[in-house]
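Accompanying notes for the structure given below.
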């Protein structure tokens, strides 16, 4: 029995459960399915993604039947299958990756030996599933495991291990078995394709993207990118954001924002010259430290201001210094200055006006005249 540590996150458990159990017990097919059925489904939406295109029954059946044993074996050559190590208390990690590969090959061969169901058989199994028959649910899932393999193969270019994609696809397949309504007249393979694609594409997006996006943003992004690809094929040119927005019926600013989130992140340690003498971090401005030019400019302006204040009367100089916080950085109101100097607030205002007029009339620095 596999012991699952609740501290370990749900995705690592699901990614490891299939490979661990395939290696440990003799029947790869039943053990893989058991591992999938025992892992709880957490935070799954109740409806599939709306932008996915529905595949016809004939296309699904032809795509699955055309799979050959050699093609299934080639999956292992294209995708390096590695068994992740788990923390103490989690799923026991395997030490021999070749054993996992052999078990997975057996899993593929056993899946190929399962025949497809007729529509009448699907209806009968669906009725039994609705009545709570667990054997019927297992039969319905097992008969469509090859469909998961076929769909998961399309996402191997994302860099996510194939075994993880299959595990997520099995989750979607089980969800489809729970939600399938035979009374609508739809074949189960067609309906399950929606859920499998949703689960696999979501896993591929979350695990291959360095920055996690909320699901509703990722859904809209997939729609925008699909429409952009269609427009590019039709016109032979990259579409403008306005064209994409019109085709998607969304605001053009939303299109720009969505296309901006797919930009590849750049490391701060990435070199910016051929000799790798400087990194990108070396070229970024430190916002906490003022620039040397600004520091020098402020220093010169301060010197000019103090020279200009020397031409004012002592009371005018005191009013300007207190009103604008020169020296201590704390500006004061007319009332506060009046109390401190023992005069009325109206007198403070008059002295301030006279002092500013004197400072503006001085033939000093242009920068000082702009400040006053």
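Numbering (the working numbering), first residue to last: 108 to 479. Yeah, the Cβ is synthetic: ideal placement off N, Cα and C, and Gly gets one too. Note that the structure is predicted; figures quoted are calculated from it, not measured.
(message) Rounded to the nearest angstrom, what separates residue 312 and residue 271 at their Cα positions?
(response) The straight-line gap from Cα to Cα measures roughly 12 Å.
(message) Given this structure, state the Cα-to-Cα distance separating residue 464 from residue 394, to the nearest angstrom.
(response) Roughly 36 Å separates the two Cα atoms.
(message) Measuring only the C-alpha atoms, how far is residue 296 from residue 375?
(response) Between residue 296 and residue 375, the C-alpha separation is close to 47 Å.
(message) Tell me which residue opens and which closes the alpha helix (DSSP H) that residue 231 is part of.
(response) In the DSSP annotation of this structure, the continuous segment of the alpha helix (DSSP H) that includes residue 231 starts and ends at 226–237.
(message) Rounded to the nearest angstrom, what separates residue 546 and residue 347 at their Cα positions?
(response) This structure gives no information on residue 546, because the portion of the chain shown stretches from 108 to 479.
(request) Identify the continuous alpha helix (DSSP H) that holds residue 453 and give its terminal residues. (result) Where residue 453 is concerned, the enclosing alpha helix (DSSP H) stretches over 452–468.
(request) Return the chain-ordered list of same chain residues with a C-beta closer than 6 Å to the C-beta of residue 363, the five sequence neighbours on each side being excluded. (result) So the qualifying residues of the chain are 348.
(message) Using DSSP's beta-bridge definition, name the partner residues of residue 386.
(response) In the DSSP secondary-structure assignment, residue 386 is bridged to 378.
(message) Please tell me whether residue 444 and residue 430 are closer than 7 Å, where the distance is taken between their beta carbons.
(response) Result yes, Cβ atoms of residue 444 and residue 430 sit closer than 7 Å.
(message) In the DSSP assignment, the alpha helix (DSSP H) including residue 361 goes from what residue to what residue?
(response) 359–367 is the span of the alpha helix (DSSP H), which, as asked, contains residue 361.
(message) Please report the distance separating the alpha-carbon of residue 384 from that of residue 392.
(response) Taking the straight line joining both Cα atoms gives about 18 Å.
(request) Please classify residue 413: does DSSP put it in a helix, a strand, or coil? (result) The three-state reading of DSSP puts residue 413 in helix, counting H, G and I together.
(request) Can you tell me which of 403, 458, 229 and 466 puts its alpha carbon nearest to the alpha carbon of residue 291? (result) Per the Cα distances, 229.
(request) Could you check what DSSP says for residue 393 in three-state terms: helix, strand or coil? (result) Here residue 393 sits in coil by DSSP.
(request) Measure the C-alpha to C-alpha separation of residue 418 and residue 396 and round it to an integer number of angstroms. (result) About 34 Å.
(message) Relative to the C-alpha of residue 306, which candidate in 293, 327, 283 and 320 has its C-alpha closest?
(response) Residue 306 has its Cα closest to that of 283, out of 293, 327, 283 and 320.
(request) Return the CA-CA distance between residue 289 and residue 360, expressed in angstroms with no decimal places. (result) Cα to Cα, residue 289 sits roughly 42 Å from residue 360.
(request) Check whether the Cβ atoms of residue 223 and residue 247 sit closer than 7 Å, and answer yes or no. (result) No, the Cβ-Cβ distance between residue 223 and residue 247 is not below 7 Å.
(request) To the nearest angstrom, report how far apart residue 460 and residue 365 are at their CA atoms. (result) In this structure, the CA atom of residue 460 is about 53 Å from the CA atom of residue 365.
(request) Compute the distance between the beta-carbons of residue 458 and residue 426, then report whether it is under 7 Å. (result) Residue 458 places its beta carbon less than 7 Å from that of residue 426.
(message) Quick check: the Cα distance between residue 139 and residue 351, rounded to an integer number of angstroms?
(response) Here the model assigns residue 139 a pLDDT of 41, short of 50, so the residue's position is not dependable, and the following value carries that caveat. Approximately 43 Å, taken between the alpha carbons.
(message) Using the three-state DSSP reduction, which class does residue 277 fall into: helix, strand or coil?
(response) In the structure shown, residue 277 sits in a helix (DSSP, three-state: H, G or I).
(message) Do residue 303 and residue 279 have their beta-carbon atoms positioned less than 7 Å apart in this structure?
(response) With contacts defined by Cβ atoms closer than 7 Å, residue 279 and residue 303 form a contacting pair.
(request) State the start and end residues of the unbroken alpha helix (DSSP H) segment that holds residue 261. (result) Counted as a single uninterrupted DSSP element, the stretch harbouring residue 261 is not any alpha helix (DSSP H), since DSSP gives it neither H nor E.
(request) Apply the 10 Å Cβ neighbour rule to residue 269 and answer buried if 16 or more other Cβ atoms are within range, or exposed otherwise. (result) Only buried fits residue 269, as 16 or more other CB atoms lie within 10 angstroms of its CB.
(request) Express the C-alpha separation of residue 387 and residue 325 in angstroms, rounding to a whole number. (result) Those two C-alpha atoms are separated by around 29 Å.
(request) Give me the Cα-Cα distance between residue 252 and residue 277, rounded to the nearest whole angstrom. (result) If I take the Cα positions, the gap works out to 7 Å.
(request) Could you tell me whether the Cβ atoms of residue 456 and residue 441 are closer together than 7 Å? (result) Their beta carbons are under 7 Å apart, which means residue 456 touches residue 441 by this criterion.
(request) Check whether the Cβ atoms of residue 221 and residue 241 lie closer than 7 Å to each other. (result) Not a contact, by the Cβ cut-off of 7 Å.
(message) With a threshold of 7 Å between beta carbons, is residue 241 in contact with chain B?
(response) The structure shown contains no chain B; it holds only a single protein chain.
(message) Just verifying my parser: in three-state terms, what is the DSSP assignment at residue 297?
(response) Looking at residue 297 - three-state DSSP - the assignment turns out to be helix.
(request) From the DSSP output, in three-state form, read off residue 248 for me. (result) The DSSP-derived three-state label of residue 248 is helix.
(request) Out of 452, 345 and 412, point me to the one whose CA is closest to residue 434's CA. (result) Nearest of 452, 345 and 412 to residue 434, Cα basis: 412.
(message) Do residue 244 and residue 236 count as a contact pair if the criterion is CB distance below 7 Å?
(response) A contact, by the Cβ cut-off of 7 Å.
(request) Alpha carbon to alpha carbon, how far is residue 301 from residue 287? Give it in angstroms, no decimals. (result) Rounded to whole angstroms, residue 287 and residue 301 show a C-alpha spacing of 11 Å.
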